[in-house]
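Numbering (numbering that gives the first Met the number 0), first residue to last: 0 to 380. One structure below.
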Amino acid sequence: MLKLCCNNNGVKALNFIIYNFHNPLFYSTSSSTSIKKFPFLANYLVDYLGFSKQQARYTSAKFEQHHVVNKRKHEVSSSKFVSNFDLVVQFFRQNGFDVSQIRIVVSVQPRVLLCRVDKTLKPNIDHFLKIGFSKPDFFEVVSVNPYVLFNCHPQFVRATEALKDVMGNYEYVISIMKKSHWTSISGMSNNLISNVALLRSYGVSIDLIQLKNIWVFLCDSSRFLDGVHLMASFGEKNIESKIRMFENFGCMRSDVLALGRKNPMLLGLSEARIKRSLEYLMKELGFSPDYVMSHGALLSYSLEKRIIPRIRVLLALKEKGLIKKDHAPYTILNRSEPHFLNRYVLPFEEIREVYAKELAKLTDRSSMKPSNEGRAGDDKP
Numbered sequence: 000m001l002k003l004c005c006n007n008n009g010v011k012a013l014n015f016i017i018y019n020f021h022n023p024l025f026y027s028t029s030s031s032t033s034i035k036k037f038p039f040l041a042n043y044l045v046d047y048l049g050f051s052k053q054q055a056r057y058t059s060a061k062f063e064q065h066h067v068v069n070k071r072k073h074e075v076s077s078s079k080f081v082s083n084f085d086l087v088v089q090f091f092r093q094n095g096f097d098v099s100q101i102r103i104v105v106s107v108q109p110r111v112l113l114c115r116v117d118k119t120l121k122p123n124i125d126h127f128l129k130i131g132f133s134k135p136d137f138f139e140v141v142s143v144n145p146y147v148l149f150n151c152h153p154q155f156v157r158a159t160e161a162l163k164d165v166m167g168n169y170e171y172v173i174s175i176m177k178k179s180h181w182t183s184i185s186g187m188s189n190n191l192i193s194n195v196a197l198l199r200s201y202g203v204s205i206d207l208i209q210l211k212n213i214w215v216f217l218c219d220s221s222r223f224l225d226g227v228h229l230m231a232s233f234g235e236k237n238i239e240s241k242i243r244m245f246e247n248f249g250c251m252r253s254d255v256l257a258l259g260r261k262n263p264m265l266l267g268l269s270e271a272r273i274k275r276s277l278e279y280l281m282k283e284l285g286f287s288p289d290y291v292m293s294h295g296a297l298l299s300y301s302l303e304k305r306i307i308p309r310i311r312v313l314l315a316l317k318e319k320g321l322i323k324k325d326h327a328p329y330t331i332l333n334r335s336e337p338h339f340l341n342r343y344v345l346p347f348e349e350i351r352e353v354y355a356k357e358l359a360k361l362t363d364r365s366s367m368k369p370s371n372e373g374r375a376g377d378d379k380p
């Protein structure tokens with residue numbers, strides 16, 4: 000079975016912990032303690048890399064935390080530390096990093112100063128240059144993913160290779176790595192590795208597996224990685240079919256692609272669900288294609304659980320004269336459930352009855368037949 004990316008709360012929490020592990024706000028070690036133990040580090044950062052004193056304190060705290068976590072058995076003299084710092088800084092300068100760029104890298108991940116140039120930094124940078132990264136590209140990637148400086152282990156290499164296999168060249172891999180944290184890249188690539196291996200085992204050529212045309216509208220998206228997941232999960236033919244369906248309802252192709260850039264996973268909804276939503280929004284509510292495209296969240300809402308019950312509440316409020324000013328349907332549909340109930344349902348006994356009947360209908364439908372018209376992910380009520 001092809002695997003889809005897991006994005007449950009547990010994974011989010013794990014990624015949060017991993018990503019923030021070196022954030023000084025999570026330290027039990029104070030910056031003053033780290034300066035006490037490593038006074039030479041703060042001085043070095045200020046004197047040689049142009050850190051402010053406050054920046055130097057925070058960065059020293061990060062350095063100290065790493066030193067404590069790794070529980071070094073043997074004390075190292077400050078001269079040896081500083082000697083290694085010099086080698087690291089010199090190496091970055093030789094590879095085209097100016098002092099401001101080095102300062103960014105060190106502030107984001109100060110343990111880079113402990114890296115061995117010959118055994119860690121040079122092999123890792125060489126790997127990325129070899130597969131097509133320019134040095135400016137590499138700096139942009141390091142700014143987002145500093146772990147690539149010392150974590151170019153098999154997992155990360157497999158991640159870049161898997162993405163390259165699916166996308167056809169490393170240009171797109173570079174684009175992804177500039178936008179996405181390495182934990183997301185590695186997690187998604189693990190699924191891609193399994194999916195590609197399965198397809199190849201059934202005789203599917205790599206040319207058929209690769210994604211090509213979709214990058215025209217995904218490359219400049221802040222949701223780039225979601226777009227990769229979408230294409231890897233559904234394929235270009237499936238997505239193209241959905242785009243044509245939008246066009247059949249009068250939507251401009253450019254507007255559909257813009258919608259995909261903002262939220263690629265809306266194109267992961269089933270065709271049946273998209274069609275039903277468009278029919279109701281345009282034919283029943285009278286929304287124009289332009290309006291639906293500019294309010295894409297409407298497509299993510301369940302008709303039965305959210306849109307229809309709330310619209311009927313709005314109509315009942317107007318019929319009974321319980322609201323004085325005109326309320327746009329989107330305003331009510333976009334409210335959170337607690338806000339909607341407190342503002343439009345609970346204050347009015349008659350409306351509570353209307354809403355209760357709608358919920359009863361939903362319960363009856365659910366007991367008769369389970370819905371399979373969802374999307375890739377949880378149904379948004």
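Built from N, CA and C at the ideal position, the CB exists for glycine as well.
- Message: Per the DSSP calculation, residue 279 is bridged to which residue(s)?
- Response: Its beta-bridge partners do not exist; DSSP assigns none.
- Item | Closer than 7 Å: residue 51 CB and nearest the ligand FAD heavy atom | Ligands in the displayed structure: none, and consequently the ligand FAD is not present.
- Message: Quick check on residue 60: buried or exposed, where buried means 16 or more other Cβ atoms within 10 Å of its Cβ?
- Response: buried
- Task: Could you tell me the distance, in whole angstroms, from the CA atom of residue 361 to the CA atom of residue 307?
- Result: 10 Å
- Query: Around the Cβ of residue 330, are there at least 16 other Cβ atoms within 10 angstroms (buried) or fewer (exposed)?
  - Reply: exposed
- Item | Supposed contact pair residue 79 and residue 139 - C-beta distance, whole angstroms, cut 8 Å | The Cβ separation is near 32 Å, so there is no contact.
- Query: Residues in its own chain within less than 8 Å of residue 351 by CB, not counting five upstream and five downstream?
  - Reply: 344 and 345
- Message: Tell me the DSSP secondary structure of residue 249 in three-state form.
- Response: coil
- Task: Going by CA-CA distance only, name the one from 298, 263, 301 and 339 that's closest to residue 313.
- Result: 339
- How about residue 315 and residue 353: are their beta carbons less than 8 Å apart? yes
- Between the CA atoms of residue 173 and residue 166 - distance to the nearest angstrom: 11 Å
- Tell me which same chain residues have a C-beta within less than 6 Å of the C-beta of residue 254, skipping the five on either side of it? 292
- Can at least three beta-carbon pairs, one atom from the segment 317-325 and one from the segment 279-286, be found at a separation below 8 Å? no
- When you compare each of 295, 356, 267 and 259 to residue 303 by their alpha carbons, which one comes out closest? 356
- To the nearest angstrom, report how far apart residue 271 and residue 240 are at their CA atoms. 12 Å
- Query: Are the beta-carbon atoms belonging to residue 142 and residue 103 less than 8 Å from one another?
  - Reply: yes
- Pick out whichever of 132, 149 and 196 has its Cα sitting closest to the Cα of residue 168. 132
- Opposing strand residues paired with residue 146 [DSSP bridges]: In the DSSP output, where bridge partners are listed per residue, residue 146 has none listed.
- Rounded straight-line distance, which links the Cα of residue 170 to that of residue 277: 36 Å
- Message: Out of 99, 63, 129 and 40, which one is the CA nearest neighbour of residue 83?
- Response: 40
- Message: Assuming residue 112 and residue 87 are in contact, meaning their beta carbons sit under 8 Å apart, how far apart are those beta carbons, in whole angstroms?
- Response: 5 Å
- Query: Are residue 107 and residue 145 close, meaning C-beta to C-beta below 8 Å?
  - Reply: yes
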